[in-house]
Amino acid sequence: MQRIPLCMNASRLGFFNRSILTRSTAFTSPYRHVEALSPPQLLKLYGQLSKSRLTLLVVLTAMSGVALSPLHATVPTLLSTAVGTALCSASANTLNQLQEIPFDAQMARTRMRPLVRRAITPLHAAGFAVAAGVSGPLMLWTMVNPTTALLGAANIALYSGVYTWMKRKTIYNTWVGSIVGALPPLMGWTACGGQLFPSSSYPIHLFLPSFISSIPVDTALIDNVLAPFAFFMLLFSWQFPHFNGLSHLVRASYAQAGYRMLAVSSPRKNSLVALRHAVLLVPICSVLIPLSGLTTWTFALTSLVPNMICTQAAWQFWRIGGEKEARLVFRHSLWYLPVIMALMMLHKQGVDWVKWLGIRDDDRSQLGISD
271 MQRIPLCMNA SRLGFFNRSI LTRSTAFTSP YRHVEALSPP QLLKLYGQLS
321 KSRLTLLVVL TAMSGVALSP LHATVPTLLS TAVGTALCSA SANTLNQLQE
371 IPFDAQMART RMRPLVRRAI TPLHAAGFAV AAGVSGPLML WTMVNPTTAL
421 LGAANIALYS GVYTWMKRKT IYNTWVGSIV GALPPLMGWT ACGGQLFPSS
471 SYPIHLFLPS FISSIPVDTA LIDNVLAPFA FFMLLFSWQF PHFNGLSHLV
521 RASYAQAGYR MLAVSSPRKN SLVALRHAVL LVPICSVLIP LSGLTTWTFA
571 LTSLVPNMIC TQAAWQFWRI GGEKEARLVF RHSLWYLPVI MALMMLHKQG
621 VDWVKWLGIR DDDRSQLGIS D
């Protein structure tokens with residue numbers, strides 16, 4: 271039998287040890303090496319960190335505040351508001367993901383996020399969040415106005431700080447999250463120069479329907495501090511049917527990840543809250559919004575159709591509480607908001623769309639001029 275030598279060649283032994291160390295490190299290293307990213311790959315990852323679809327919705331709701339404001343905005347102000355709002359949203363969403371890496375890894379819905387799958391380093395993502403979080407409010411401050419910038423900064427702090435922390439502590443995180451989602455329209459409103467709080471210069475005006483008050487509407491009073499409050503309440507209440515329906519569908523994942531959600535602790539109360547706010551949307555649309563001067567009172571009637579459809583779905587969700595009913599509430603919430611926004615634009619106070627489209631020319635008819 272061949273005898274095994276007690277001593278080995280030093281170079282061979284060194285190579286053997288290095289190869290073992292290399293293989294061992296490859297298996298035990300907590301982070302794999304991240305290759306250099308091309309510009310298109312980097313932009314894609316930034317979009318995922320920003321939750322691009324959610325950021326787009328935030329920008330659109332901010333622009334709805336601009337569109338429904340009686341005050342005019344210049345093109346630079348409009349663009350600066352859109353870009354600044356997008357940067358604020360991108361920063362908030364990235365900071366949120368940075369804090370939730372271990373929790374997102376436990377949920378099928380979120381386990382493919384870039385930080386979870388290590389497509390980008392936490393340090394790189396933090397740098398992106400800081401850059402967006404500084405440049406967004408700074409752009410709003412310098413190009414729009416300080417009030418809009420403060421609202422943008424408040425949104426970052428509320429979402430990435432308070433809301434993200436509360437998700438693992440208390441079921442009331444949803445109420446804070448709804449405040450965050452209701453702030454962008456106020457940013458659009460203030461970007462045009464609108465006020466948020468009443469004062470001697472900006473008192474609250476009530477726009478009563480014509481069968482109660484025969485006084486014609488004074489369009490100079492439409493810049494009314496009750497209007498942004500009505501807008502805020504619309505977005506605030508809409509989020510409960512939207513989120514409570516979704517959270518019911520993924521409540522098992524929330525429970526696994528350790529999130530404190532009402533859908534996990536009490537599915538019955540979760541559906542009740544969704545129904546409560548679906549019902550609350552009816553007086554918001556049919557009383558508060560036209561009373562504030564945002565729309566004419568015709569909106570009170572036309573908004574009843576989508577509100578009744580969504581309320582009926584929320585009622586079924588509360589009565590039965592099944593997956594099918596939760597999914598229907600969530601799907602209704604997806605089309606509800608754009609439909610309501612479109613109706614608000616259609617019935618915007620002080621706008622004659624027939625004349626604006628050129629279908630009727632009042633000036634020519636009053637002068638007796640015909641073609």
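Quick note: the sequence shown uses the working numbering, first residue 271, plus one each step.
For each residue, glycine too, the CB sits at the ideal point set by N, CA and C.
- Distance between Trp459 and Leu532, taken at the CA atoms: about 32 Å.
- Taken through DSSP and simplified to helix, strand or coil, Thr380 comes out as coil.
- Judged by DSSP secondary structure, Arg521 falls within the alpha helix (DSSP H) whose first and last residues are Arg521 to Ala527.
- For Met531, no alpha helix (DSSP H) encloses it, and the DSSP letter there is neither H nor E.
- Counting only the Cα atoms, Met377 lies some 42 Å from Ala570.
- For Leu326, the closest alpha carbon among the candidates Thr344, Gly354, Leu312 and Pro346 is that of Gly354.
- Spatial neighbours of Val534 in its own chain (CB-CB distance under 7 Å, excluding positions within 5 residues in sequence) are listed in chain order as Arg521, Tyr524 and Ala525.
- The beta carbons of Leu564 and Ala612 sit no closer together than 7 Å.
- Residue state for Thr565 is assigned as strand, using DSSP reduced to three classes.
- Considering only Arg388, Ser320, Pro511 and Leu421, the residue with the shortest C-alpha distance to Ala306 is Arg388.
- In this structure, the straight-line span from the alpha carbon of Cys555 to that of Leu574 is close to 8 Å.
- When secondary structure is reduced to three states using DSSP, Lys594 falls in the helix class.
- DSSP, read as helix, strand or coil, puts Lys321 in coil.
- For Met409, the enclosing alpha helix (DSSP H) covers residues Pro392 to Met409.
- One alpha carbon belongs to Cys462, the other to Ser471, and they sit about 17 Å apart.
- Each residue's CA atom was taken as its position, placing Leu315 and Asn443 some 27 Å apart.
- Residues of the same chain with a CB within less than 6 Å of the CB of Asp374, apart from the 5 flanking positions on each side, are Thr380, Arg383 and Val386 in chain order.
- Excluding sequence positions up to five before and after Gly403, its CB lies within less than 6 Å of the CB of Ser361 and Ile426, all in the same chain and listed in chain order.
- If you look at Val621, you'll find it isn't in any alpha helix (DSSP H); DSSP assigns it neither H nor E.
- Taking a 10 Å sphere around the C-beta of Met333, we find 16 or more other C-beta atoms and assign the residue as buried.
- Residues Ser507 and Asn577 of the same chain have their beta carbon placed closer than 6 Å to that of Leu551, with the five preceding and five following residues left out of the count.
- Per DSSP, Ser448 is one residue of the alpha helix (DSSP H) stretching across Asn443 to Ala452.
- Judged by DSSP secondary structure, Gln369 falls within the alpha helix (DSSP H) whose first and last residues are Val345 to Gln369.
- In this structure, DSSP gives Ala337 a helical state, which the three-state scheme calls helix.
- If you draw a straight line from the Cα of Phe499 to the Cα of Pro372, it is about 38 Å long.
- In the structure shown, the three-state DSSP call for Leu326 is helix.
- Thr434 and Gln369 do touch by the CB rule: their CB atoms are close to 5 Å apart, below 8 Å.
- The Cβ atoms of Gly422 and Gly406 sit closer than 7 Å to each other.
- Taking the CA atoms as reference points, Ile559 sits about 24 Å from Arg601.
- Counted as a single uninterrupted DSSP element, the stretch harbouring Asn494 is not any alpha helix (DSSP H), since DSSP gives it neither H nor E.
- Per DSSP, reduced to three states, the secondary structure at His342 is coil, with no helix or strand assignment.
- A Cβ-Cβ separation of about 4 Å places Val599 in contact with Gly515 under the 8 Å criterion.
- Looking at Gly451, Tyr429, Leu561 and Pro455, the one whose alpha-carbon comes closest to that of Pro479 is Leu561.
- One Cα belongs to Ala419, the other to Met457, and the distance between them is close to 8 Å.
- The Cβ atoms of Gly592 and Ser541 lie no closer than 7 Å to each other.
- Cβ contact annotation for Ala596 (same chain, cutoff 7 Å, sequence separation greater than five): Gly515, His518, Leu519 and Phe587, in chain order.
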